[in-house]
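The structure appears below as structure tokens.
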Amino acid sequence: MRSLRAVIYVACILCFIYLTVSIVMNVFLKEDNEPFDVNNISANDSEIQIATDISIGTSSRLLKNVSIEGHVFTLYDVQPYEGEFGIAEFTRIRKFDRYRFASASHSKETIQAKVIQAKEGVSVVLGVKVNSGLHKLIVSNGQESIEKMVSKQNFLEVIPFNYSKTATNVTIVGYDEQGKEITKKVIHN
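Sequential numbering of the sequence shown, starting at 37, is according to our numbering.
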């Protein structure tokens, strides 16, 4: 009878040790529990959301994403700052499907814009929130003008200039449905 109790006692101790080691290995040594790295994310919405929140230092709500030439641009609403929104940029790292945080900016301005140098030349990343009162934008760099319709949905687009290989000043003018100028933004490079 004593030997049966001893065997059960040893078995219980071994089970306890096994469970303790399993829990420690799963909690502390599992790769999924590594700290979140904004410089090594996938391009899915949940990781972009987390990286944007960490990078801007407050919570955000993703409105729209667009990808071009190894970059992901995100139009986001800043929470809890009423009316503030912005554009975040993520660039591809050496691993083909992984990205790192590059930049973010936000404000209460009606138009969010960022000039980027792409392979083909200068492009402008434009973001406008739905219900901004804007119907169309005219984007110009002195050599050419491009018209974009922006009403009825969140707008985020990369607009390339065909005849510009170097960064220049870019002017963006926003109009309402009646054609009245509502806002004007000049980006100096």
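The beta-carbon is built from N, C-alpha and C at its ideal position, and this holds for glycine as well.
Please read these numbers as outputs of a predicted model, since none were measured by experiment.
Using a Cβ distance threshold of 8 Å, residue 197 and residue 157 count as a contacting pair. The DSSP-derived three-state label of residue 40 is helix.
For residue 105, there is no enclosing beta strand (DSSP E), as DSSP marks it with neither H nor E. As for any beta strand (DSSP E) of minimum length 3 sitting wholly inside the region 185 to 214, the runs are 191 to 196, 206 to 211, ordered along the chain.
By the Cβ rule, the region 77 to 97 counts as touching the region 128 to 136, because three or more pairs are nearer than 8 Å. Around the C-beta of residue 73, fewer than 16 other C-beta atoms lie within 10 Å, and the residue is accordingly described as exposed.
For residue 176, the CB contacts under 6 Å within the same chain, skipping 5 residues up- and downstream, are 207 in chain order. Here residue 146 is not near residue 115, since their CB atoms are 8 Å or more apart. Excluding residues up to 5 positions away in sequence, 177, 178, 222, 223, 224, 225 lie with their Cβ nearer than 8 Å to the Cβ of residue 205 in the same chain. Its Cα nearest to that of residue 78, the residue 108 stands out among 89, 108, 182. With a beta-carbon spacing of about 25 Å, residue 140 and residue 187 fall beyond the 8 Å limit used to define contacts. Approximately 4 Å separates the beta-carbon atoms of residue 163 and residue 111; this is inside 8 Å, confirming the contact. Look at the region 118 to 172 and you find these whole runs of beta strand (DSSP E), each 3 residues long or longer: 121 to 128, 135 to 143, 147 to 154, 157 to 164.
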